[in-house]
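Participant: The following block contains the structure, expressed as structure tokens.
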Amino acid sequence: MNTNSFLLLLAACLLACGKPVTPTYERFMLRYEGADLAIQVDGNRASGVFILLLHGGPGGSGHEYNTGTYSELLEAQYAVVYLDQRGQGASQGHYSRDNITLQQFSDDIEAVARLLKQKYGSNISLFLMGHSWGGMTGTHSLLHTDVQNLLKGWIEVDGAHDVPMLNKAAIRMFIEIGSQQISMGKQVDRWKEIVEFARGVDTTRITNEQGGQINQYGFEAEGLIEEIYQDEGAVKLADFLFSPVAPFTGFVAGSLTSAVINQETEQTSLTPLLGEVRIPVLLLWGKYDFVVPPALAETAMQRLGTVDKKLLIFEHSGHSPMNSEPQAFAQEIIRFVEAHR
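In this text, residue positions in the sequence shown follow the working numbering: the first is 445, and each later residue adds one.
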């Protein structure tokens, strides 16, 4: 088989394995405050329920979440709205550094929520869901815009709504779990490096550079834990190769946006304001999340102003339970939505 024939066959196979375009699939842009925000709606629009999903990062994209078992289960029930937040993914625009702030990201979220109500009907049931850094922008929007008035509920998945707290909690997890792993003779050299780093951090004055290293070690530590499951259908090569997001362009834009917003993000602690959240809340966390430790969720449960709140810890998950335990993850969201739609 010559190279050209092989490439054509490979492309055909990838297209066959990729996610098919459905009658409910729709992509459009919202021009707002200098940005063209890329929005994809996929799933059961006839349900009247829309879940607006905020991706992680900064530097990620909504398309990264539009794949795998959990998304198929949710899209069979509801419409899922995959937003590429400002300066990330397929979103574009012309604006200055002054428009790359948590307040601007929050204003964008409210604007998208209002657009969805305008486009699909004021009577739709709208839920907001944020993962990782999307937990920061989502929580910030609840506290600093009027978006709560548009929502039926908030779903936070391993959300980084308090970076100073998560850095300290990660250090504790590195030392505690790392020491346990070393005593069991598991990945001893790697754990020794992580634990040694953690013991050397002064948690009363963590620098931005150390924060970046904590994040890096967090992902590495997760990869060392044998108890974490992985859904084989979570990532499909075709989904990325045939993505509406140009990989190189998305990477460059996301990196630039991340460089600007990280300074503000690293210093932001929203825990003291959680009492202002009055809508129903579902917190979904991985037990072995070293990137955004469960301590944030446990503290949030104590501080949230709403009486309608639930925390579920997934025993075989790290930072992304939707990829580790997708069926259980999707079912928890479905139960929450059905209770509050």
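We put the beta carbon where it would ideally sit given N, CA and C, even for glycine.
Note that the structure is a prediction, hence the values are computed from the model and not measured.
From 781, 736, 749 and 469, pick the residue whose C-alpha is nearest to that of residue 605; which is it?
Facilitator: For the purposes of this step, residue 605 is identified with residue 161 of the sequence shown, where counting begins at 1. Closest by alpha carbon: 736.
Participant: Check whether the Cβ atoms of residue 647 and residue 612 sit closer than 8 Å, and answer yes or no.
Facilitator: For the purposes of this step, residue 647 is taken as the residue at position 203 of the sequence shown. For the purposes of this step, residue 612 is taken as the residue at position 168 of the sequence shown. Result yes, Cβ atoms of residue 647 and residue 612 sit closer than 8 Å.
Participant: Which value, in whole angstroms, describes the spacing of the CA atoms of residue 802 and residue 542?
Facilitator: Beyond the ends of the chain as shown, which are 445 and 785, falls residue 802; an answer cannot be given.
Participant: Excluding the five sequence neighbours on either side, which residues of its own chain have a C-beta within less than 7 Å of the C-beta of residue 785, listed in chain order?
Facilitator: Taking the first residue of the sequence shown as position 1, residue 785 is located at position 341. These residues qualify, in order along the chain: 493, 569 and 596.
Participant: Could you check the C-alpha separation between residue 773 and residue 524 for me, to the nearest Å?
Facilitator: One-based indexing of the sequence shown puts residue 773 at position 329. One-based indexing of the sequence shown puts residue 524 at position 80. C-alpha separation (whole angstroms): 15 Å.
Participant: State whether the region 698-713 contacts the region 495-504, with contact taken as three or more CB pairs (one from each stretch) at a distance under 8 Å.
Facilitator: Verdict: yes, contact present.
Participant: Could you check what DSSP says for residue 617 in three-state terms: helix, strand or coil?
Facilitator: Locating residue 617 in the sequence shown gives position 173, where the first residue counts as 1. Residue 617 falls in the helix class under three-state DSSP.
Participant: So is residue 539 buried or exposed if we call it buried at 16+ other beta carbons inside 10 Å?
Facilitator: Counted from its first residue, the sequence shown places residue 539 at position 95. Burial call: exposed.
Participant: Run the CB neighbour count on residue 667, radius 10 Å, all protein chains shown included, and call it buried at 16 or more, exposed below.
Facilitator: Numbered from 1 along the sequence shown, position 223 holds the residue referred to as residue 667. The residue is exposed, with fewer than 16 neighbouring Cβ atoms inside 10 Å.
Participant: Quick one, are the C-beta atoms of residue 771 and residue 513 less than 8 Å apart?
Facilitator: Stepping through the sequence shown from its first residue, residue 771 is reached at position 327. Stepping through the sequence shown from its first residue, residue 513 is reached at position 69. Contact flag set, yes.
Participant: Check each candidate in 477, 478 and 469 and name the one with the smallest Cα separation from residue 507.
Facilitator: On the sequence shown, residue 507 is found 63 positions in, with the first residue counted as 1. When only C-alpha atoms are compared, the closest one is 469.
Participant: Quick one: grab the DSSP three-state call for residue 579.
Facilitator: Translated into positions along the sequence shown, residue 579 becomes position 135. In this structure, residue 579 counts as helix in the three-state DSSP scheme.
Participant: Suppose you measure from the CA of residue 786 to the CA of residue 723; what does that come to, to the nearest Å?
Facilitator: With the chain covering only 445 through 785, there is no way to say anything about residue 786.
Participant: Rounded to whole angstroms, what's the CA-CA distance from residue 730 to residue 518? Just pull it up for me.
Facilitator: Taking the sequence shown and counting its residues from 1, one reaches residue 730 at position 286. Taking the sequence shown and counting its residues from 1, one reaches residue 518 at position 74. Near 19 Å, if we compare the C-alpha coordinates of residue 518 and residue 730.
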